[in-house]
Amino acid sequence: MASSPLLTKISHPFSSIYPTKFTPFYLATEQSFKFPSTLFNFVKHLSSNDNPTIFHNFNFDSFYANLIDNSSHKINLTQVHAKLLLLGIQQNGFLVSKLVNAAVNFGEISYARKVFDKFPDPDVFLWNAIIRGYSKYNLFASAVEMYSRMQVLWVSPDGYTLPHVLKACGGIPSFRMGQQVHGQIFRLGFEKDVFVQNGVVAFYAKCGKIASAKVVFDRLEIRNVVSWTSMISGYAQNGQPIEALRVFDEMRSTGVMPDWIALVSVIRAHTDVEDLEHGKSIHSCVIKMGLELEPDLLIALTAMYAKCGQVMVARSFFNLVKVPNLILWNAMISGYAKNGYAEEAVKLFRDMISHNIKTDSITARSAVLACAQVGSFDLARWMDNYISKSEHKDDVFVNSALIDMFAKCGNVDMARMVFNRTLDKDVVVWSSMIVGYGLHGRGREALDLYHLMKQSGVSPNAVTFLGLLTACNHSGLVEDGWQLFHCMKDYGIEPRHQHYACLVDLLGRSGYLDQAYDFIMNMPIEPGVSVWGALLSACKIHRHVTLGEYAAERLFSLESYNTGHYVQLSNLYASARMWDRVAKIRVLMRDKGLSKDLGYSLIEINGKLEAFRVGDKSHPRSKEIFEELESLEKRLKQAGFVPDRNSSLHDLNEEEMEETLCNHSERLAIAFGLISTAQGTTLRITKNLRACINCHSATKLISKLVNREIIVRDANRFHHFKDGVCSCGDYW
DNA sequence: CCCTGAAAAA
């Protein structure tokens, strides 16, 4: 590169003597610098006035270019910049561009801008450098702004400008602006430039115009790995992971080798479809290519294994990452939360906080989701307290999760408090609250909220209706539920499986089993597990054996290995006292190698969750617990409680019953709760299965006898036992 | 001289 005229003029007086003293430094500029710090001492030397250093045959451009390239910090750049200003050569466009690019690479974008602003008449190189800087750090609006300024000054973009601008347009995303740029690209004749065209493909994909992206892609004569990757990730971003994988195969068949970014994109597609089998083959591909330590691939693999339920494997990748970033933390936390590893998710979240790692709303939301699963009210309060003091307190995503969390932790009134303090209530916030009321059998309040929601101008969506229908169901509001179901079409919402299942439940509750059957037969979509399951449950309650058997058959054909369906059918037989068939089901289950799920109950005492299984004697206070249990049993009998003998076999999914007293896990939890808390304290119990009929009626009576509110979260819903009645109205 | 592309959750 030729020196600028200015530089030539300045370098002229230096061209006589070769300074022996600096020979090694000078030679170093010709090669690559290994010791930048020595160099900077040299620069300081150059700058001091009392030491007019004179060089022979010195090329300033390459000397400073090397200096910038080997700078390891912003401070170094500042020194170089100062030197350039001192020498009066700050108008050397080549060196200033280099300086700006170097500053950008250090993430010093505002410094880069300062250097840029000092330059009076930027050329295309300098414009590219600053636009690249803004684009690289996702400051898309600034990138676009600089681009338009550049055009006002009649500087024509080149093949390097356009990809950055396109990235910015896709990042905002601004379809209109990107289209204008595309028009320019056409006018300027960049249709053969693969870099520019790749940018166009990615831009359309980011704007959701995957068809346009494909048109551009198909017209490309030369496609490199980036072109392919842009298409693959484009499909993945637009919810078409299968298509993404197809494009990947096509790429392989045309002999293009994937690089690590292509692999990241393809892993993301596998993550979306939760296809671990094929995902593993990509994993082996990663290993074959020797890329298994690439940090971003480790992140992608962590996310994939985490989302597919292999949290242990995911964790091993997580541990391999030297410098974990937010995305990695989020992938791991959400993976734990999603797969039921709630404690691990919460622990990791707390790790983040204690290590002062910045969280975002996704981290917070995942952690809240995990708390909802744990079901601990104390933990829920801790989380709420943390969020309300954090920057996420006004985030609607986080707040809707908090509402859901409190509802699931048994305190719908706290959920309402979060709801009330959420300023911008979107449909998700309203729906979460409605679902919460529904879970707790507070159907009236759910309906009231629905009317408020409509008044405030928020339109309901499918989830809102699901919550409403569930609420009607759990509160026995049959008429309202029926009407709401028919309201859905007014909002243009197609009922899904869950909505139909609610209606079947609703009809079943009132004993309209034949109508429920007709309703199923007239469904416009194929009835699935939830619908048949609802019918079977209704048949169990109303002891309709033939219809129940039919429903069970459908269920077995849909999910032949789901234990729950066999248990439900067996319960139906038991309720109809058909013991031989109950026995048959047991044999059938044994032959299929199915065993019933083990029942357990959790109770939280002083912030600590205590778990009980049936007849559990492992607790340190076991003796006291059983004494309390015995005394409870005595008081129940005195109050006239007669256990249903049939129901001792009624629920196969319940733990076996012992001769003398019921020791089901929730009774143990209740007994422990009674002896561990002060008079009148509400007991909160979580159970993994549905409540058994005996325990349900016993708990009702216990709530009256000991004058306590007992809240039980079973597999499906909440039961609030108080003064001898349950909020579920004995239908669950 | 400058070089594109992706990644978390409802």
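In this text, residue positions in the first sequence follow the UniProt record's numbering: the first is 1, and each later residue adds one. Note that the Cβ used here is the ideal one computed from N, Cα and C, for glycine as well. The structure presented is a predicted model; accordingly, all values stated were derived computationally and were not measured.
Pick helix, strand or coil for residue 29, following the three-state DSSP scheme.
-> Within the first sequence, residue 29 is the residue found at index 29, counting from 1. In this predicted model, residue 29 has a pLDDT of only 40, less than 50, meaning its place in the structure is not dependable enough to derive any value.
Kindly indicate the opening and closing residues of the alpha helix (DSSP H) around residue 504.
-> Along the first sequence, one-based indexing puts residue 504 at 504. Looking at the DSSP string, the run of the alpha helix (DSSP H) that includes residue 504 is 497-509.
Do the CB positions of residue 210 and residue 183 come within less than 8 Å of each other?
-> One-based indexing of the first sequence puts residue 210 at position 210. One-based indexing of the first sequence puts residue 183 at position 183. No, they are not a contact pair.
How many Å lie between residue 728 and residue 700 at the Cα?
-> Looking up residue 728 in the first sequence gives position 728. Looking up residue 700 in the first sequence gives position 700. About 11 Å.
Do you know offhand how far residue 268's Cα is from residue 347's?
-> Within the first sequence, numbered from 1, the residue matching residue 268 stands at position 268. Within the first sequence, numbered from 1, the residue matching residue 347 stands at position 347. One C-alpha to the other measures close to 26 Å.
Would you give the residue range spanned by the alpha helix (DSSP H) that residue 542 belongs to?
-> As a first step, residue 542 must be located in the first sequence, where it is residue number 542. Residues 529-542.
Residue 77 by DSSP, collapsed to three states: which one?
-> By 1-based counting over the first sequence, the position of residue 77 is 77. Residue 77 falls in the helix class under three-state DSSP.
Rounded to a whole number of angstroms, what is the C-alpha to C-alpha distance between residue 239 and residue 229?
-> What you label residue 239 is simply residue 239 of the first sequence in a count that begins at 1. What you label residue 229 is simply residue 229 of the first sequence in a count that begins at 1. Those two C-alpha atoms are separated by around 16 Å.
Minimum C-alpha distance to residue 763 - residue among 374, 379, 418 | Limits of the chain in this structure are 1 at one end and 732 at the other, which puts residue 763 out of reach.
Beta-carbon proximity of residue 224 to residue 273, cut-off 8 Å = Here residue 224 refers to the residue found at position 224 when the first sequence is read from its first residue. Here residue 273 refers to the residue found at position 273 when the first sequence is read from its first residue. Result no, Cβ atoms of residue 224 and residue 273 do not sit closer than 8 Å.
DSSP three-state call for residue 493: helix, strand or coil?
-> Start at 1 with the first residue of the first sequence, and residue 493 comes out as number 493. In the structure shown, residue 493 sits in coil (DSSP, three-state: anything other than H, G, I, E or B).
Check whether the Cβ atoms of residue 68 and residue 99 sit closer than 8 Å, and answer yes or no.
-> Indexing the first sequence from 1 puts residue 68 at position 68. Indexing the first sequence from 1 puts residue 99 at position 99. It is a contact, given that the beta carbons lie within the stated cut-off.
Between residue 324 and residue 298, what straight-line distance do the alpha-carbon atoms span, to the nearest angstrom?
-> Position 324 of the first sequence, counting from 1, holds the residue named residue 324. Position 298 of the first sequence, counting from 1, holds the residue named residue 298. If I take the Cα positions, the gap works out to 10 Å.
Could you spell out where the alpha helix (DSSP H) holding residue 366 opens and where it closes?
-> Numbered from 1 along the first sequence, position 366 holds the residue referred to as residue 366. Note, residue 366: alpha helix (DSSP H), 361-374.
Out of 732, 140, 155, 453, which has the shortest C-alpha to C-alpha gap to residue 164?
-> As a working note, residue 164 is residue 164 in the first sequence. Nearest of 732, 140, 155, 453 to residue 164, Cα basis: 140.
Alpha carbon to alpha carbon, how far is residue 423 from residue 434?
-> As a first step, residue 423 must be located in the first sequence, where it is residue number 423. As a first step, residue 434 must be located in the first sequence, where it is residue number 434. Residue 423 and residue 434: Cα-Cα distance of roughly 17 Å.
For my contact list, residue 717 and residue 499 are in at a C-beta cut-off of 8 Å; report their separation, rounded to the angstrom.
-> Here residue 717 corresponds to residue number 717 of the first sequence, with the count starting at 1. Here residue 499 corresponds to residue number 499 of the first sequence, with the count starting at 1. Going by Cβ atoms, the distance from residue 717 to residue 499 rounds to 17 Å, so no, they are not a contact pair.
Can you list the beta strand (DSSP E) stretches of 3 or more residues lying completely in the UniProt domain "DYW" (640-732), in chain order?
-> 683-687, 710-713, 718-722
Residue 251: buried (16+ other C-beta within 10 angstroms of its C-beta) or exposed?
-> As a first step, residue 251 must be located in the first sequence, where it is residue number 251. It is buried - the Cβ of residue 251 has at least 16 other Cβ atoms within 10 Å.
Using a threshold of 8 Å, state whether the C-beta atoms of residue 200 and residue 177 are closer than that.
-> In the first sequence, residue 200 corresponds to position 200, counting from 1. In the first sequence, residue 177 corresponds to position 177, counting from 1. Their beta carbons are not under 8 Å apart, which means residue 200 does not touch residue 177 by this criterion.
Between residue 401 and residue 368, which are expected to be in contact by the criterion C-beta below 8 Å, what is the C-beta distance as a whole number of angstroms?
-> Locating residue 401 in the first sequence gives position 401, where the first residue counts as 1. Locating residue 368 in the first sequence gives position 368, where the first residue counts as 1. Their Cβ separation, rounded to whole angstroms, is 4 Å, which keeps residue 401 and residue 368 in contact under 8 Å.
Exposed or buried, what is residue 642 when buried is set at 16 or more other beta-carbons lying within 10 Å of its beta-carbon?
-> As a working mapping, residue 642 is identified with position 642 in the first sequence. Label assigned to residue 642: exposed.
What does a CB cutoff of less than 7 Å around residue 432 pick up in its chain, not counting 5 residues either side in sequence?
-> If you number the first sequence from 1, residue 432 lands on position 432. Taken in chain order, the residues that qualify are 400, 403, 404.
Cβ-based burial, residue 373 [other Cβ within 10 Å; buried from 16] | As a working note, residue 373 is residue 373 in the first sequence. So residue 373 counts as buried.
Residues that DSSP places opposite residue 602 in a beta bridge | Your numbering for residue 602 matches position 602 in the first sequence. Answer by DSSP bridge pairing, in chain order: 611, 686.
Any idea what DSSP makes of residue 747, helix, strand or coil?
-> No information on residue 747 is available, as it lies outside the stretch 1 to 732 that the chain covers here.
Around the C-beta of residue 720, are 16 or more other C-beta atoms found within 10 angstroms, so that it is buried, or is it exposed?
-> As a working mapping, residue 720 is identified with position 720 in the first sequence. Buried: at least 16 other Cβ atoms inside 10 Å.
Where are the alpha helix (DSSP H) runs, 4 residues long or more, that stay fully inside the segment 86-155, in chain order?
-> 93-105, 109-118, 124-136, 140-152
For residue 319, which option in 332, 309, 308, 310 has the closest C-alpha, if you only look at C-alpha atoms?
-> Looking up residue 319 in the first sequence gives position 319. When only C-alpha atoms are compared, the closest one is 332.
What do you reckon, are the CB atoms on residue 572 and residue 513 nearer than 8 Å?
-> Position 572 of the first sequence, counted from the start, is the residue given in the question as residue 572. Position 513 of the first sequence, counted from the start, is the residue given in the question as residue 513. Their beta carbons are not under 8 Å apart, which means residue 572 does not touch residue 513 by this criterion.
Minimum C-alpha distance to residue 624 - residue among 173, 702, 671 | Taking the first sequence and counting its residues from 1, the one referred to as residue 624 is at position 624. The option with the nearest alpha carbon to residue 624 is 671.
Grouping DSSP H, G and I as helix and E and B as strand, with all else coil, what is residue 182?
-> Within the first sequence, residue 182 is the residue found at index 182, counting from 1. In the structure shown, residue 182 sits in a helix (DSSP, three-state: H, G or I).
Alpha-carbon to alpha-carbon, residue 66 and residue 29 = The residue you call residue 29 lines up with position 29 of the first sequence. The residue you call residue 66 lines up with position 66 of the first sequence. Model confidence at residue 29 stands at a pLDDT of 40, short of 50, so the residue's coordinates are unreliable and nothing is read from them.
Taking all protein chains shown into account, decide if residue 689 is buried (16 or more other Cβ within 10 angstroms of its Cβ) or exposed.
-> Position 689 of the first sequence holds residue 689. Buried, by the Cβ-count rule.
Have a look at residue 294 and residue 231 and give me their C-alpha separation to the nearest angstrom.
-> Along the first sequence, read from residue 1 onward, the residue named residue 294 stands at position 294. Along the first sequence, read from residue 1 onward, the residue named residue 231 stands at position 231. Cα to Cα, residue 294 sits roughly 22 Å from residue 231.
With a 10 Å radius around its C-beta and 16 neighbouring C-beta atoms as the bar for buried, classify residue 687 as buried or exposed.
-> Position 687 of the first sequence, counted from the start, is the residue given in the question as residue 687. Buried, by the Cβ-count rule.
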